[in-house]
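Peer 1:
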Amino acid sequence: MGPTGSDTGARHAILLMIAAIFCFTLMDAGVKALAPRVGVLPSLWARYAGQMLLVFLLVLPRLRQVAQTNMPGLQILRSLMLMGATAFYFLGLSLIPITEAAALMSVNPVLITLGAGLFLGERLGPRRLFGIAVALCGAVLVIRPGSDVFSTAALAPLAAAVCYSGYALLTRRVGSGEDVWTSLFYTGLVGTLVLSCVVPFAWVAPDGPALLLMMVVIGFGTVGQLCLIRAFSQGEAAMLAPYSYTGLIFAALWGILFFAELPDGWTISGALVIAGSGLYVWHRETRSR
Numbered sequence: 292m293g294p295t296g297s298d299t300g301a302r303h304a305i306l307l308m309i310a311a312i313f314c315f316t317l318m319d320a321g322v323k324a325l326a327p328r329v330g331v332l333p334s335l336w337a338r339y340a341g342q343m344l345l346v347f348l349l350v351l352p353r354l355r356q357v358a359q360t361n362m363p364g365l366q367i368l369r370s371l372m373l374m375g376a377t378a379f380y381f382l383g384l385s386l387i388p389i390t391e392a393a394a395l396m397s398v399n400p401v402l403i404t405l406g407a408g409l410f411l412g413e414r415l416g417p418r419r420l421f422g423i424a425v426a427l428c429g430a431v432l433v434i435r436p437g438s439d440v441f442s443t444a445a446l447a448p449l450a451a452a453v454c455y456s457g458y459a460l461l462t463r464r465v466g467s468g469e470d471v472w473t474s475l476f477y478t479g480l481v482g483t484l485v486l487s488c489v490v491p492f493a494w495v496a497p498d499g500p501a502l503l504l505m506m507v508v509i510g511f512g513t514v515g516q517l518c519l520i521r522a523f524s525q526g527e528a529a530m531l532a533p534y535s536y537t538g539l540i541f542a543a544l545w546g547i548l549f550f551a552e553l554p555d556g557w558t559i560s561g562a563l564v565i566a567g568s569g570l571y572v573w574h575r576e577t578r579s580r
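Its first residue numbered 292, the sequence shown is counted upward by one per residue in my numbering.
1) Can you tell me which of the three DSSP states N361 falls into?
2) Would you call the CB atoms of A542 and T390 closer than 8 Å?
3) Rounded to whole angstroms, how far is the Cβ of C518 from the Cβ of A340, which I believe are closer than 8 Å?
4) Hey, would you say G383 sits closer than 8 Å to A444, going by beta carbons?
5) Under a three-way DSSP split, which group does A411 fall into?
6) In whole angstroms, what is the alpha-carbon distance linking R555 and L415?
7) Does G422 pass the burial test, meaning 16 or more other C-beta atoms within 10 Å, or should it be called exposed?
8) Measure the C-alpha to C-alpha separation of C488 and W494 and round it to an integer number of angstroms.
9) Is it right to say T256 is buried, meaning 16 or more other beta carbons lie within 10 angstroms of its own, or is it exposed?
10) Specify the secondary structure class of Y571 as computed by DSSP and reduced to three states.
11) With a threshold of 7 Å on Cβ separation, who are the neighbours of V322 within its own chain once the five nearest residues in sequence on each side are excluded?
12) Just to confirm, is the Cβ distance from M240 to T462 under 8 Å?
13) Between which residues of its own chain and G479 is the CB-CB distance below 6 Å, once the five residues before and five after are set aside?
14) Buried or exposed, going by whether 16 or more other CB atoms sit within 10 Å of the CB of P491?
15) How would you call Q356, buried or exposed, if buried means at least 16 neighbouring beta carbons within 10 angstroms?
16) Using the three-state DSSP reduction, which class does I387 fall into: helix, strand or coil?
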């Protein structure tokens with residue numbers, strides 16, 4: 292018996308999810324190479340300007356409808372939280388190895404689970420709390436506070452994970468009350484407007500390689516966003532969530548190939564602990580639904 296239409300759609304969604312993560316990690320590698328040339332702020336502006344251009348072109352035929360929101364305050368706040376997450380993550384990428392940054396950012400799913408229990412009233416059983424605690428232990432393995440290799444710069448990806456968790460929880464609060472394109476539109480609009488106001492004060496004229504890297508950041512960020520939108524339109528979020536951890540593999544690969552960053556045993560162990568606990572929490576959440 293051949294595959295059903297639902298099986299084919301699920302496979303397409305999974306492939307699109309992996310393609311999105313592949314593109315986003317290449318974008319991160321581009322940021323890591325770009326930031327030393329022009330700074331974190333111009334790199335961040337390039338990312339947001341590219342995304343806003345994409346979203347604007349996609350919603351242009353129904354721009355007036357998409358721009359209408361019943362929750363302007365929540366839309367602005369969630370957009371600021373995502374901008375903060377991206378800013379902290381880009382800062383971390385510019386200062387520590389890409390594999391470490393990706394591993395620390397990967398604690399955000401368990402932080403979302405914790406936040407949902409604390410702020411949205413969702414049930415937090417002992418097994419989920421155990422998974423959250425284990426993930427945080429994995430983060431400690433990567434950071435290694437008190438050791439010679441500890442760097443305060445490693446706190447930036449953790450701050451990014453906290454901000455992203457806040458963004459995700461606010462997105463849940465918005466829920467189905469808003470069109471997904473409305474949320475995507477305001478995410479790009481708020482970030483682009485804020486960054487366009489401050490980037491002139493930190494602008495560094497890009498040279499040829501920097502312009503090329505900006506195109507890499509914009510290009511892979513845009514393609515990744517399109518793949519992500521298509522993935523979630525063809526498959527359920529719960530089914531796709533585990534595949535986000537492929538980003539740890541891609542990040543390690545780009546770190547080795549482009550930056551000669553070979554992750555040590557502590558970083559690999561911490562990343563495996565974080566991914567394993569995240570998958571455990573995901574498993575408990577999907578079983579309880």
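We put the CB at the ideal spot given by N, CA and C, even for glycine. Since the structure is predicted, the reported quantities are computational estimates derived from the model, not experimental observations.
Peer 2: According to the data block:
1) As a first step, residue 361 must be located in the sequence shown, where it is residue number 70. DSSP places N361 in coil when its eight states are reduced to three.
2) Here residue 542 refers to the residue found at position 251 when the sequence shown is read from its first residue. Here residue 390 refers to the residue found at position 99 when the sequence shown is read from its first residue. A contact, by the Cβ cut-off of 8 Å.
3) Counted from its first residue, the sequence shown places residue 518 at position 227. Counted from its first residue, the sequence shown places residue 340 at position 49. Rounded, the Cβ-Cβ distance is 20 Å, inconsistent with contact.
4) By 1-based counting over the sequence shown, the position of residue 383 is 92. By 1-based counting over the sequence shown, the position of residue 444 is 153. In contact: G383 and A444 (Cβ atoms closer than 8 Å).
5) Taking the sequence shown and counting its residues from 1, one reaches residue 411 at position 120. Residue identity check: residue 411 is Leu in the sequence provided, not Ala. In this structure, L411 counts as coil in the three-state DSSP scheme.
6) Locating residue 555 in the sequence shown gives position 264, where the first residue counts as 1. Locating residue 415 in the sequence shown gives position 124, where the first residue counts as 1. One detail in the question is off: residue 555 reads as Asp in this sequence, not Arg. In a straight line, the C-alpha of D555 is about 34 Å away from that of L415.
7) Taking the first residue of the sequence shown as 1, we reach residue 422 at position 131. Its Cβ being crowded by 16 or more others within 10 Å, G422 is buried.
8) Here residue 488 refers to the residue found at position 197 of the sequence shown. Here residue 494 refers to the residue found at position 203 of the sequence shown. Rounded to whole angstroms, C488 to W494 spans 11 Å at the Cα level.
9) The structure shown does not extend to residue 256, since the chain spans only 292 to 580, so no value can be given for it.
10) Indexing the sequence shown from 1 puts residue 571 at position 280. Three-state result, Y571: helix.
11) Within the sequence shown, numbered from 1, the residue matching residue 322 stands at position 31. The residues are S334, F381, L384, V508.
12) With the chain represented from 292 up to 580, any question about residue 240 goes unanswered, as that position is not in the structure.
13) Indexing the sequence shown from 1 puts residue 479 at position 188. Excluding positions up to five away in sequence, the list reads Q342, M343, V346.
14) Residue mapping note: residue 491 aligns to position 200 of the sequence shown, counting from 1. Exposed: under 16 other Cβ atoms inside 10 Å.
15) On the sequence shown, residue 356 is found 65 positions in, with the first residue counted as 1. Exposed: under 16 other Cβ atoms inside 10 Å.
16) Stepping through the sequence shown from its first residue, residue 387 is reached at position 96. Correct three-state label for I387: coil.
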